[in-house]
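Asks: Dropping a structure here in structure tokens format, bear with me for questions.
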Amino acid sequence: MTSFVIVAFDWIIIALGAYFFCLATINALWMGKETRRAELTDGPLVSVLVPARDEEEHIVPCIESLMHQTYKNYEVLVLDDNSTDKTRELLNKLQALYPDKLKVFSGKALPEDWRGKVFAMKQLCGKAKGEYWLFTDADTVHSSSSVSLAITNILYHKVDFLSGYITQKTKTLGEKATVPSLYLLSGFILPLWVCKWGKSSALAVAIGQYICVKSASFMACGGFDLVKDKTTEDVFLARAMKKHGYKTVFLNLKDAAMCRMYTSWQSCVNGISKNIFDFMNKNNIILVLAVIGVFIFLALPPFLTIGLSIYTVLAAKAFTFTLAALWINMLLVGGTWVIVFTTQGVNWKHAFIYPLIFVNILYIAFISWRRSVFKKGYEWKGRMVY
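As structure tokens, then:
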């Protein structure tokens, strides 16, 4: 029985490694082919919506970048969500500089049953005039072709909802070992070409840093009211659009904008942990199965590979099929990360720390579950999230 389990494990990790490598390769090729260059300089009115709460360090470069776009027919709406720092003061100065393009609003008090960002976005939608809306975060910095890239692609693909990866900036080791968890979608989970054509809402995905929607379709679907209590509102919005029969697409939008989401390992843990359990719809069974799968087939193998290799050499043991399977798995999974990183403009050498990424995912998943189940909550921008 033991030998059967070992043999089964050997073949499973080889098969999974091959699947991940092929999935990442096909996704990278598909996104490269389907992501159109920013071509349009004029067309339908685009409303760029930016919620801002305590963003004094980021708001100026964000808005400045949005003021210098190659696309002409757009407006930028920013909502100061009851900031306690200098965000509003800085926004007022920016509005004085760009009175024709920038509009700044004050946020209302947050209702008890709403998440802060979601309520801010709902208020912005009520002010927007565009046929298309581009949702983005206040800590992003946009290229001059960002708005053009969004409208070019959403019109080319004839979809109602567009999202994708923007460039993620990391500096510390803690960031490099946690932020890449965003890329699990294209490297280890979803075939992105199916996301566009498939009708199941489970195939829809989004990154809240950059979402473009057709406003009429978005509001007909229910808008932000559908996700008022969600911290992963981006994914649930994509699923809702797909569920209501609207078309969605997920592309490589690294040339649109960049973002440094966190500045340390601890801030990464705090930021990502508020999302993981919510992403799984707070389902304990799904979380447990996901954690077991990640631990056995992704986090554990590289450590087994190194440990068993050292033991084999020091004890002068024969090279076994299990050790071969472990090395094949590690090379394939490492190769998967190389493809993902290269596609997103990240140094491929970061793939060497991929075991730490999976270990961090497990730790953050536990933190997310513990804080949610035991109602400990998270403090995010001065507010408690449960």
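All letters in the sequence shown, in the order written, are residues 1 to 386 by the UniProt record's numbering.
All residues carry an ideal CB built from backbone N, CA and C; glycine is no exception.
Alpha carbon to alpha carbon, how far is Val46 from Asp80?
Replies: Residue 46 sits at position 46 when you count from the first residue of the sequence shown. Residue 80 sits at position 80 when you count from the first residue of the sequence shown. So the alpha carbons of these two residues sit roughly 20 Å apart.
Asks: Excluding the 5 residues flanking Ser273 on each side, which residues of the same chain have their C-beta closer than 6 Å to its C-beta?
Replies: What you label residue 273 is simply residue 273 of the sequence shown in a count that begins at 1. So the list reads Ile364, Ile367 and Ser368, once near-sequence residues are dropped.
Asks: Between Met241 and Val48, what straight-line distance do the alpha-carbon atoms span, to the nearest angstrom?
Replies: If you number the sequence shown from 1, residue 241 lands on position 241. If you number the sequence shown from 1, residue 48 lands on position 48. Distance from the CA of Met241 to the CA of Val48, rounded to the nearest whole angstrom, comes to 20 Å.
Asks: Just to confirm the assignment: which complete beta strand (DSSP E) runs, minimum length 3, are found wholly within the segment 25-98?
Replies: 46-52 and 74-80
Asks: Per the contact definition of three or more C-beta pairs closer than 8 Å, is the segment 174-192 in contact with the segment 80-92?
Replies: The segment 80-92 is not in contact with the segment 174-192.
Asks: For Leu379, list the residues DSSP reports as bridge partners.
Replies: Within the sequence shown, numbered from 1, the residue matching residue 379 stands at position 379. The residue you asked about is not Leu; residue 379 is Glu in the sequence shown. Answer is Met384.
Asks: Following the continuous beta strand (DSSP E) through Tyr262, name the residue where it begins and the one where it ends.
Replies: Working through the sequence shown from its first residue, we reach residue 262 at position 262. Segment: none, Tyr262 is in no beta strand (DSSP E) and carries neither H nor E.
Asks: In terms of residue numbering, what span does the beta strand (DSSP E) encompassing Trp348 cover?
Replies: Position 348 of the sequence shown, counted from the start, is the residue given in the question as residue 348. From DSSP, Trp348 is part of no beta strand (DSSP E); its letter is neither H nor E.
Asks: Report the rounded CA-to-CA distance for Ala52 versus Ala138, giving the unit in angstroms.
Replies: In the sequence shown, residue 52 corresponds to position 52, counting from 1. In the sequence shown, residue 138 corresponds to position 138, counting from 1. Those two C-alpha atoms are separated by around 6 Å.
Asks: At the level of alpha carbons, what is the spacing between Lys129 and Lys93?
Replies: Counting from one through the sequence shown, the residue named residue 129 turns up at place 129. Counting from one through the sequence shown, the residue named residue 93 turns up at place 93. Rounded to the nearest whole angstrom, the C-alpha separation of Lys129 and Lys93 is 23 Å.
Asks: So Gly164 is in the beta strand (DSSP E); what residue range does that whole segment cover?
Replies: Locating residue 164 in the sequence shown gives position 164, counting from the first residue. Residues Phe161 to Tyr165.
Asks: Restricting to Cα atoms, I'd like to know which of Gln266, Ser200, Ser267 and Thr263 is closest to Phe236.
Replies: Working through the sequence shown from its first residue, we reach residue 236 at position 236. When each option's Cα is compared against that of Phe236, the closest is Ser200.
Asks: Are there 16 or more other CB atoms within 10 angstroms of the CB of Asn275, so buried, or fewer, so exposed?
Replies: By one-based count along the sequence shown, residue 275 stands at place 275. The residue is buried, with at least 16 neighbouring Cβ atoms inside 10 Å.
Asks: Let me know the secondary structure DSSP gives Ile211 once reduced to three states.
Replies: Counted from its first residue, the sequence shown places residue 211 at position 211. The answer is strand: DSSP assigns Ile211 an E or B state.
Asks: Let me know if Gly293 comes out buried or exposed under the rule of 16 or more other beta-carbons within 10 Å of its beta-carbon.
Replies: Taking the sequence shown and counting its residues from 1, the one referred to as residue 293 is at position 293. Classification of Gly293: exposed, given that the 10 Å Cβ count is below 16.
Asks: Could you check if Lys247 is buried or exposed, using at least 16 other CB atoms within 10 Å of its CB as the buried criterion?
Replies: By 1-based counting over the sequence shown, the position of residue 247 is 247. When all chains shown are included, Lys247 counts as buried.
Asks: Runs of 4 residues minimum, wholly inside the segment 317-342: which ones carry the alpha helix (DSSP H) assignment?
Replies: Taken in chain order, the segment 317-342 contains no complete alpha helix (DSSP H) segment of 4 residues or longer.
Asks: Which residues in the same chain have their Cβ closer than 6 Å to the Cβ of Glu39, if we skip the five residues on either side of it in sequence?
Replies: On the sequence shown, residue 39 is found 39 positions in, with the first residue counted as 1. Only Thr152 meet the Cβ criterion.
Asks: Evaluate Ser106 with the Cβ neighbour count: other Cβ atoms within 10 Å of its Cβ, from every protein chain shown; 16 or more gives buried, anything less gives exposed.
Replies: Locating residue 106 in the sequence shown gives position 106, where the first residue counts as 1. Here Ser106 is exposed: its Cβ has fewer than 16 other Cβ atoms, across all protein chains shown, within 10 Å.
Asks: Looking at Thr25: is its Cβ nearer than 7 Å to the Cβ of Ile339?
Replies: Counted from its first residue, the sequence shown places residue 25 at position 25. Counted from its first residue, the sequence shown places residue 339 at position 339. Yes, these two residues count as a Cβ contact at 7 Å.
Asks: Just curious, the alpha helix (DSSP H) that Phe135 is in, first and last residue?
Replies: The residue given as residue 135 occupies position 135 in the sequence shown. Run containing Phe135: none in the alpha helix (DSSP H); it sits in the beta strand (DSSP E), Tyr132 to Thr136.
Asks: Go through its chain and collect everything with a Cβ distance to Ser146's Cβ below 7 Å, but skip five positions before and after it.
Replies: Indexing the sequence shown from 1 puts residue 146 at position 146. Only Gln69, Ala256 and Ala257 meet the Cβ criterion.
Asks: Given that a residue counts as buried once 16 or more other Cβ atoms are within 10 Å of its Cβ, and exposed if not, what is Ile286?
Replies: Within the sequence shown, the letter at position 286 stands for residue 286. Exposed, since its Cβ has fewer than 16 Cβ neighbours within 10 Å.
Asks: Closest to residue 399 by CA distance: which of Leu23, Lys169 and Phe135 is it?
Replies: Because the chain in this structure spans residues 1 to 386, residue 399 falls outside the shown range and cannot be described.
Asks: Expressed to the nearest angstrom, what Euclidean distance is found between the alpha-carbon atoms of Gly382 and Tyr98?
Replies: The residue labelled residue 382 in the question sits at position 382 within the sequence shown. The residue labelled residue 98 in the question sits at position 98 within the sequence shown. About 30 Å.
Asks: What's the call for Met384, buried or exposed, on a 16-neighbour Cβ count within 10 Å?
Replies: Sequence index remark: in the sequence shown, residue 384 carries index 384 (1-based). So Met384 ends up on the exposed side.
Asks: CA-CA distance, Gln266 and Phe321?
Replies: Counted from its first residue, the sequence shown places residue 266 at position 266. Counted from its first residue, the sequence shown places residue 321 at position 321. Going from the Cα of Gln266 to the Cα of Phe321 covers about 40 Å.
Asks: In the DSSP assignment, find the unbroken alpha helix (DSSP H) run with Lys196 in it and report its ends.
Replies: Within the sequence shown, the letter at position 196 stands for residue 196. Run containing Lys196: Leu192 to Trp197, per the alpha helix (DSSP H) assignment.
Asks: Going by alpha carbons, who is nearest to Leu253 out of Glu175, Gln209, Asp54 and Lys103?
Replies: The count along the sequence shown starts at 1 and reaches residue 253 at position 253. Measuring from the Cα of Leu253, the nearest candidate turns out to be Gln209.
Asks: For residue 389, which three-state DSSP category applies?
Replies: Residue 389 lies beyond the stretch modelled for the chain, which goes from 1 to 386, so this question has no answer here.
Asks: Taking C-alpha atoms, which residue in Trp348, Glu379, Met261 and Ile328 lies nearest to Leu16?
Replies: By 1-based counting over the sequence shown, the position of residue 16 is 16. It is Ile328.
Asks: Could you check where the alpha helix (DSSP H) with Ser372 kicks off and where it finishes?
Replies: Numbered from its first residue, the sequence shown carries residue 372 at position 372. Note, Ser372: alpha helix (DSSP H), Tyr354 to Val373.
Asks: Beta-carbon separation of Met60 and Leu90 under 7 Å?
Replies: Residue numbering aside, residue 60 sits at position 60 when the sequence shown is read from its first letter. Residue numbering aside, residue 90 sits at position 90 when the sequence shown is read from its first letter. Per the sequence shown, the amino acid found at residue 60 is Val instead of Met. Yes. Within cutoff.
Asks: With a 10 Å radius around its C-beta and 16 neighbouring C-beta atoms as the bar for buried, classify Thr305 as buried or exposed.
Replies: Working through the sequence shown from its first residue, we reach residue 305 at position 305. Burial call: buried.
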